[in-house]
Structures are given as C-alpha cells and as structure tokens.
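Chains as they are written, first to last, in this note's numbering: chain A, 42 to 607; chain B, 190 to 279.
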C-alpha cells in the first residue's frame with residue numbers, strides 16, 4: 042500500500058444495501074490469518090504484549106468454560122477439559138513468554154509460532170492417536186490469533202474509515218459503528234444476511250457481495266461507496282471523494298417528520314413497530330413515529346459474551362424499556378440454525394435441528410435466567426412485556442415455557458400480571474394448525490424469513506440458490522392468510538416481523554391479508570408509512586386476494602405494479 | 190528427588206485422554222514432575238509435552254519427582270498408570 046497511487050477511479054459493482062454514500066480511508070479486516078508474519082516490538086512494549094497474551098488466553102478459556110457448562114455428555118466434557126489443559130499448559134506459556142521477552146515478537150506471532158511448533162512435534166511423533174488433537178491445536182491457535190488480532194484491529198480504527206472485509210459478525214458491525222466508521226464493503230453476504238441487516242438499521246452505507254474486495258482494497262488507500270447502487274470506487278479522484286463524502290451528511294439527515302395518523306386513506310388504522318437488536322439502534326427511534334417494539338432480538342447479547350449474567354441482561358432490557366414506548370415483544374434467545382450453536386457436534390441440517398426453543402428447553406438455566414431477567418424488568422414497566430417463543434413446532438413447548446414463567450413470577454415481589462406469551466409462526470406446520478395454537482397463546486408473530494425458507498425449501502444463506510428465495514411466493518402468502526384468519530377467529534393479535542413487512546409490496550400484501558401490525562427495521566418505517574397512508578383498504582384487500590391466487594412471486598410483483606404503480 | 194521406571198499397560202498407549210488424566214493428577218501435587226523416555230525429558234505437568242512423547246503400550250517411562258510431596262505423588266501417579274488411567278481398555 043502506498044499513498045502515491047494515482048487516482049484511477051476503479052469502479053466495481055456489488056450489492057447495495059442502502060443508507061447512502063460514503064468515502065474515506067480503507068481499513069482491511071482480515072480474520073483467520075493462516076500465516077502470521079513476524080512482527081517485532083520494542084522492549085518497553087513487552088509487559089503489554091504479555092498482558093495481551095494472558096487476556097486472549099483467559100477469553101478463550103471463558104469460551105471453553107461456557108461450552109463446558111452446557112455439555113452434559115461425559116466424553117465431550119473430557120475433550121473440552123483437555124483443550125483447557127492445552128491453553129494453560131505451563132510449557133506453552135513459558136515459551137510464548139520467551140518469544141515475547143527475549144525475541145521481542147508480538148503476542149500474535151509468539152502464539153502462532155509456539156502453537157505451530159507443538160503441532161509440528163505432534164505430527165512428527167507420527168502417532169495416529171493425536172490426529173484429532175492436532176486439529177484441535179490448530180483450532181485453538183487460530184482462535185487465539187483471532188482474538189489477539191481482533192483486539193489489535195479494533196483499536197486501530199478511526200472515525201470516517203471504510204471497512205473492507207470478507208465477512209463480519211453483527212457484533213463487529215455494532216462495534217465499528219460505535220467507532221464511527223463511514224461505510225462497509227464485504228466480499229460475502231447478501232441483503233438479508235445478519236450483518237447487513239444491522240448495518241442497515243444503523244444506517245451505515247454498505248455494499249456486499251463484492252468479489253475480491255480485499256485484493257482491490259489492498260492496492261489502494263481510499264474508497265468511495267454507494268449503498269444504494271452497490272458501486273464501489275477504489276482510488277477515487279478528488280471530485281469523486283468530495284461528491285461521495287458530502288453525501289454522508291445528506292444520508293444521515295434525520296428529516297423530522299410530521300406526525301401523521303397511521304391510517305389508510307379511507308381510515309383503516311395500522312401500527313408500525315420496530316425490529317431492534319442492539320442498544321445502539323435505540324436513539325434513532327426517537328426521531329420516528331412508531332407504536333412499539335415488535336421484535337427485540339436478544340441472541341446478539343450472546344454473540345458478544347456467551348456467559349452473560351442476570352444483571353447484564355437486566356441492564357439491557359431496562360435500557361430498551363426506558364428508551365422506547367409502547368409494547369415490547371422480546372424474542373427469547375434464538376440460537377442454532379445459522380447462529381451460534383451451543384452444541385459440540387456439527388449438525389447435518391442445523392435449520393431443521395436443535396435451534397430456538399428446542400435448544401432453550403434443553404438448556405434450562407439459559408432460559409430461566411433470561412425469563413427471570415425479563416420478568417424482573419417487566420415488574421418495573423408493567424403492561425409492556427410480550428414474550429415471544431422462537432421456532433415453536435409443538436404446543437407442549439409453549440406449555441413448558443408458560444410453566445417456567447408461572448413459577449418465576451412467584452419469586453418476584455411485585456410481578457407484572459399482564460405478561461403476554463406468544464409464538465413465532467415460522468414453521469409451516471404451525472401456520473397450518475394455527476387454530477390449534479391460537480387457543481394456547483396470547484399472540485402470533487409471523488417470522489416470514491424462516492417461514493419462506495421452510496415453505497420453499499430454500500436456504501436463504503446459500504448464494505447458489507439465492508434467487509429461489511422469494512418472499513412474495515403465493516404459497517407463503519397463503520400460510521400468512523391462514524394464520525391471520527385463525528388469529529381473528531380466536532381473537533388474538535397477530536403481527537409480521539420478517540423482512541417482508543419492511544418492503545412496499547410485502548407491507549401492502551400483509552395489510553391486504555388482514556394484518557395491521559407491521560414490525561420492521563426502523564429504516565423502512567417512513568417508506569412503508571408513506572405507502573400505506575396513501576392507499577385504500579379495499580384496494581389492498583383486492584390486491585392480496587388476487588396475489589394469493591397467483592402462480593409465482595414474479596406475478597405478484599407485476600400485479601403490485603399494475604395495481605398501485607411502483 | 191526420586192525416580193522410578195513405569196510401564197504403560199493400556200493397549201492404546203498414552204493417548205490424549207490418559208495424558209490429560211496424568212497431567213491433571215500431577216498438577217495437583219506441588220512437586221516438579223518430569224518424564225524421561227528414549228533420552229527425551231518432558232515436563233509431566235505439560236499436556237503438550239506429555240503428548241509429544243507419544244508413548245505406546247509397553248513403553249517404559251521414567252518418572253522423576255522432586256519436591257515436598259514427591260513420595261505421595263509418585264504413589265498416586267503409579268497407581269493411575271497401573272489402573273490403565275481408570276478407563277476401559279479400548
């Protein structure tokens with residue numbers, strides 16, 4: 042990299058994820074370094090490097106402890122025990138210290154070097170017995186380097202920079218947002234990937250799915266990006282830099298909106314609710330007109346720190362209740378699938394596996410701690426808590442959560458008597474049996490992302506078949522309709538909290554199918570509100586009626602254009 | 190300092206889990222613990238050290254202990270090896 046590269050406006054195209062333009066200096070984030078280059082430190086930095094090493098080791102040990110506390114099978118417990126013995130190995134520690142103190146290598150390189158030495162020795166010993174341990178050792182080494190380099194990276198980020206990475210976790214996105222980055226470019230990811238959704242919600246200009254982004258970025262110092270069109274310009278000239286840089290302020294312009302009644306032009310009222318995951322998203326809500334939190338995702342708490350205390354949970358929930366208005370629908374930890382799994386074994390089919398409530402019921406203390414924290418906070422903010430159970434497929438799962446809630450409520454001095462308990466409708470079987478479920482719960486929330494994926498048998502994270510993931514597919518609409526009708530017959534509220542609600546076509550369909558509570562990413566609210574306020578209810582009903590009878594999502598899209606223009 | 194020759198009796202040898210058990214037990218004593226085999230000497234409280242020995246069934250190790258509780262430690266470690274590390278032979 043050098044600063045003297047001529048500006049050549051190298052233009053590349055990725056997928057734009059919204060939130061305007063940005064320009065700035067590039068920071069490369071590389072995870073999983075396979076080769077760690079030797080890097081020397083000054084003698085005065087030795088104590089800091091030693092401390093970094095111990096810190097990373099303790100962090101890794103805590104991760105293993107966490108796993109250990111969740112694993113009940115004896116054999117995997119033994120294996121985890123052995124892993125902990127490895128990271129606290131006195132010989133290993135002594136040698137790492139030597140590398141740092143005597144050879145003045147940084148902690149990252151010292152760890153990489155010493156672990157690699159041991160890997161080599163074990164390999165040389167030629168014993169088949171240690172094949173598994175060699176791969177464990179390699180995993181531990183990479184994880185250590187990862188922890189060390191992430192700490193290193195995060196301290197180096199400056200305000201106004203553009204992050205270029207292969208992929209990021211949602212927690213990374215939030216952390217970088219706090220550090221004031223201007224934009225994000227990712228090699229991987231789609232519009233519905235988790236990191237992208239968070240970037241959108243935090244209004245960080247973001248372009249994903251840009252092939253070889255890291256390679257191009259490493260050849261230059263600056264980039265200009267457009268989150269709307271997906272254009273990324275490496276080595277931009279002065280004019281481009283200025284043009285894209287100026288747009289930043291415009292993009293972040295929080296146009297104060299006039300208070301308008303949330304009703305269609307013929308007076309049918311609807312409610313707009315927010316999907317929220319991180320505390321950093323809350324301030325923006327103050328500038329929006331919304332009726333409550335329709336989906337509070339909580340698993341993000343565990344991405345940051347698997348072993349979260351009751352107090353830390355309470356603090357987070359309290360912040361949400363304090364800084365928002367109206368009902369708060371809190372979804373219990375939705376782990377598994379493509380998100381953090383607590384299992385020690387890789388599942389062949391994680392989306393059909395141990396996820397959501399299935400995992401929570403097996404991991405009693407994780408669930409009871411979360412419920413306890415929620416119910417304690419609810420007693421301070423009575424009448425607002427709605428508990429949402431993810432990935433329900435059997436009524437028995439609901440009963441068990443209800444029992445737990447009942448017994449925890451007895452421990453609380455002044456419990457909120459109005460807690461409502463509802464379920465995510467995301468498994469097609471639940472939509473088909475919605476009448477049955479409706480008698481057992483206080484509300485439904487349609488999770489259309491997973492409902493679509495399960496109905497169409499399309500993994501939405503798989504880039505090869507991405508185009509088959511069609512959320513307007515009439516089969517999905519039929520399931521939404523069945524759910525809405527069952528909710529109405531049984532007189533319980535129903536809302537939609539999937540991505541569908543935040544799109545114009547989706548919002549029109551949902552309203553037309555009789556659901557008037559729409560929960561979405563805050564950034565979609567103004568658009569949906571403007572659309573729905575300008576339409577008549579009977580138009581929407583007619584549109585949805587016809588859409589359900591169509592053959593494909595494409596046909597539904599055309600019908601939308603025909604009915605309402607674009 | 191005391192030394193004693195110990196023979197590995199379980200068929201799979203000193204593989205990962207027996208190594209872990211040995212290190213765990215050794216670490217519960219104050220005495221320093223070293224193992225000699227084929228001219229190598231490793232720290233018996235280091236799992237990585239013990240594993241790199243790759244001692245197989247029938248291997249004759251020399252345990253070397255030095256410290257305030259060396260006798261108790263030797264007795265306990267010998268018992269562990271003799272009991273095939275408390276595992277069923279695989």
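Glycine included, every Cβ here is placed at the ideal spot set by N, Cα and C.
{"Item": "Same chain, Cβ closer than 8 Å to residue 300(A), neighbours up to 5 away in sequence not counted", "Value": "330"}
{"Item": "DSSP-derived helix/strand/coil call for residue 332(A)", "Value": "coil"}
{"Item": "Reference residue 546(A), options 535(A), 559(A) and 534(A), closest by Cα", "Value": "559(A)"}
{"Item": "Proximal chain A residues relative to residue 196(B), where beta-carbon distance stays under 8 Å", "Value": "Ordered by position in chain A, no residue passes the 8 Å Cβ test against residue 196(B), which lies about 18 Å from the chain."}
{"Item": "Contact list for residue 236(B) against chain A, beta-carbon separation under 8 Å", "Value": "123, 126, 127 and 130"}
{"Item": "CB-CB length for residue 259(A) against residue 53(A), believed under 8 Å", "Value": "That pair is no contact at about 14 Å."}
{"Item": "Range covered by the alpha helix (DSSP H) that runs through residue 240(A)", "Value": "235-242"}
{"Item": "Contacts that residue 212(B) makes with chain A (C-beta to C-beta distance below 8 Å)", "Value": "126"}
{"Item": "Cβ-based neighbour list, residue 408(A), same chain, cut-off 6 Å, excluding 5 preceding and 5 following", "Value": "401"}
{"Item": "Sequence-distant residues of its chain with Cβ nearer than 8 Å to residue 163(A) (five each side left out)", "Value": "171, 174, 175 and 178"}
{"Item": "Neighbour-count burial assignment, residue 602(A), 16 or more Cβ in a 10 Å radius", "Value": "exposed"}
{"Item": "Residue of 226(A), 314(A) and 490(A) minimising C-alpha distance to residue 247(A)", "Value": "226(A)"}
{"Item": "Inter-residue spacing [alpha-carbon to alpha-carbon] between residue 238(B) and residue 93(A)", "Value": "24 Å"}
{"Item": "Own chain partners of residue 557(A) with C-beta closer than 6 Å, once the 5 adjacent residues on each side are dropped", "Value": "311"}
{"Item": "Residue nearest to residue 514(A) in terms of C-alpha spacing, selected from 481(A), 478(A) and 600(A)", "Value": "600(A)"}
{"Item": "Where residue 324(A) falls, given that 16 or more other Cβ within 10 Å makes a residue buried", "Value": "exposed"}
{"Item": "Cβ pair residue 226(B), residue 242(B) closer than 8 Å", "Value": "yes"}
{"Item": "Close Cβ partners of residue 282(A) (< 7 Å) along its chain, the five nearest in sequence each way excluded", "Value": "64, 263 and 265"}
{"Item": "Residue range of the unbroken beta strand (DSSP E) whose run includes residue 254(B)", "Value": "249-255"}
{"Item": "Unbroken stretches of the alpha helix (DSSP H), 4 residues or longer, contained in the segment 433-483 of chain A", "Value": "436-452, 469-473 and 475-479"}
{"Item": "Where residue 342(A) meets chain B, residues with beta-carbon distance less than 8 Å", "Value": "The premise fails here: residue 342(A) is roughly 33 Å from chain B at the closest Cβ pair, so nothing lies under 8 Å."}
{"Item": "Helix, strand or coil at residue 159(A) according to DSSP, with G and I counted as helix", "Value": "helix"}
{"Item": "Rounded straight-line distance, which links the Cα of residue 353(A) to that of residue 219(B)", "Value": "39 Å"}
{"Item": "Buried or exposed by the 16-neighbour rule on C-beta atoms within 10 Å, applied to residue 393(A)", "Value": "exposed"}
{"Item": "Backbone secondary structure at residue 206(A) - three-state DSSP", "Value": "strand"}
{"Item": "Inter-residue CB distance, residue 321(A) and residue 374(A) (contact presumed, cutoff 8 Å)", "Value": "Not confirmed; about 20 Å, so no contact."}
{"Item": "Interface flag, residue 243(B) vs chain A, CB-CB below 8 Å", "Value": "yes"}
{"Item": "Inter-residue Cα distance where the pair is residue 420(A) and residue 457(A)", "Value": "5 Å"}
{"Item": "Residue 289(A) to residue 313(A) span [Cα, whole Å]", "Value": "Bear in mind that a pLDDT of 49 at residue 289(A), under 50, signals an unreliable position, so the number given afterwards is only what the model happens to contain. Taking the straight line from one Cα to the other gives about 27 Å."}
{"Item": "Residue 315(A), enclosing beta strand (DSSP E) - first and last residue", "Value": "312-317"}
{"Item": "Interface residues of chain B facing residue 119(A) [CB-CB closer than 8 Å]", "Value": "206 and 209"}
{"Item": "Coil, strand or helix - residue 304(A) by DSSP", "Value": "strand"}
{"Item": "Where residue 213(A) falls: helix, strand or coil (DSSP)", "Value": "helix"}
{"Item": "Buried/exposed call for residue 204(B), threshold 16 Cβ in 10 Å", "Value": "buried"}
{"Item": "CB contact check: residue 199(B) to chain A, cutoff 8 Å", "Value": "no"}
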